[in-house]
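Everything on this sheet refers to the single structure shown next.
Numbering (my numbering), first residue to last: 1 to 262.
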């Protein structure tokens with residue numbers, strides 16, 4: 001009896017343990033993958049924000065050079081070449097992060113803007129080109145196109161980030177499914193174990209007690225038998241033998257008393 005109950009409990013425990021391990025491994029795998037992908041998207045957002053700030057500052061610096069009375073001197077004063085190098089350096093950082101579908105388009109737009117901005121020195125010394133017109137009608141449209149590409153790039157990164165977040169949520173629910181199945185299976189097994197105990201142990205014990213009560217209080221023969229090969233059936237056999245021996249002893253005592261009275 002104890003072996004059967006122990007085996008049933010071990011089976012329930014192993015079922016829950018296996019499903020719990022599967023849930024943990026699945027959650028760790030999904031969490032690690034999605035977290036890494038989300039980190040890449042966040043890095044892309046940080047780089048794009050840095051690019052936006054650097055190019056905006058660079059464009060305003062060009063505007064201040066154009067508006068200066070002595071534009072040639074203003075180029076040196078505003079470190080135009082150094083500003084160009086800073087733009088190039090900060091934009092190259094995007095190559096070190098996750099490549100998005102619009103990365104190439106953004107790079108091409110930036111190259112166009114940087115090439116156009118480097119015409120500044122030629123425009124300033126030219127007697128035929130108005131620097132203000134060059135800035136507002138040539139450079140600024142290229143810069144506006146670049147900022148639009150940058151906005152589209154950011155939207156693409158944010159969309160990818162939202163998709164990864166949904167994947168993480170899906171992965172979370174997917175990872176807890178084995179746990180839910182484990183709990184459901186465990187409850188089902190517990191119900192089966194309860195039914196097993198009630199049907200094969202509690203019920204026979206109650207029948208044995210009823211038969212034993214009839215034997216002791218009403219003098220009826222102890223008569224209960226059931227199929228089985230465990231300790232409970234062996235106990236029932238012992239009770240049957242004891243009751244029969246007790247009944248036989250009572251009959252002998254009764255016969256002995258009757259013979260003495262005669």
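Think of the CB as a built atom: it goes at the ideal place given N, C-alpha and C, for glycine as much as any other residue.
Practice task
Taking only the alpha-carbon atoms, compute the straight-line gap between residue 169 and residue 180 and give it to the nearest angstrom.
Solution key: 16 Å
Practice task
In the DSSP assignment, find the alpha helix (DSSP H) that holds residue 208 and state where it starts and stops.
Solution key: 203-218
Practice task
Keeping to the same chain, check which residues put their C-beta closer than 8 Å to that of residue 52; ignore five residues upstream and five downstream.
Solution key: 147 and 150
Practice task
Sort 18, 36, 191 and 22 by Cα distance to residue 161 and report the nearest one.
Solution key: 36
Problem - Cβ neighbours of residue 58 in the same chain (closer than 8 Å, five flanking residues each side left out) - result: 83, 84, 86, 87 and 117
Problem - Validate contact between the stretch 192-205 and the stretch 232-242 using beta carbons, cut 8 Å, 3 pairs - result: yes
Handout entry: Whole-Å CB distance - residue 62 paired with residue 120, under 8 Å assumed
Key = 6 Å
Practice task
For residue 113, collect the residues of the same chain with a Cβ closer than 7 Å to its Cβ; drop the 5 residues on either side in sequence, then sort them by chain order.
Solution key: 142, 143 and 146
Problem - residue 139: CB within 7 Å of a non-hydrogen atom of the ligand PLP - result: As presented, the structure is devoid of all ligands, the ligand PLP included, so that no description of it is given.
Problem - Beta-carbon proximity of residue 201 to residue 211, cut-off 8 Å - result: no
Exercise for the section: Answer with buried or exposed for residue 154, where buried requires no fewer than 16 other C-beta atoms within 10 angstroms of its C-beta. Expected result: buried
Exercise for the section: Note down the Cα distance separating residue 135 from residue 100, rounded to an integer number of angstroms. Expected result: 31 Å
Practice task
For the alpha helix (DSSP H) containing residue 83, list its first residue and its last residue.
Solution key: 80-92
Exercise for the section: Determine the direct distance from the alpha carbon of residue 184 to that of residue 216, and round the result to whole angstroms. Expected result: 46 Å
Practice task
Consult DSSP for residue 265 and reduce its assignment to one of helix, strand or coil.
Solution key: No statement about residue 265 is possible, as the shown extent of the chain runs from 1 to 262 and does not include it.
Exercise for the section: Measure the Cβ-Cβ separation of residue 68 and residue 157 and say whether it is below 8 Å. Expected result: no
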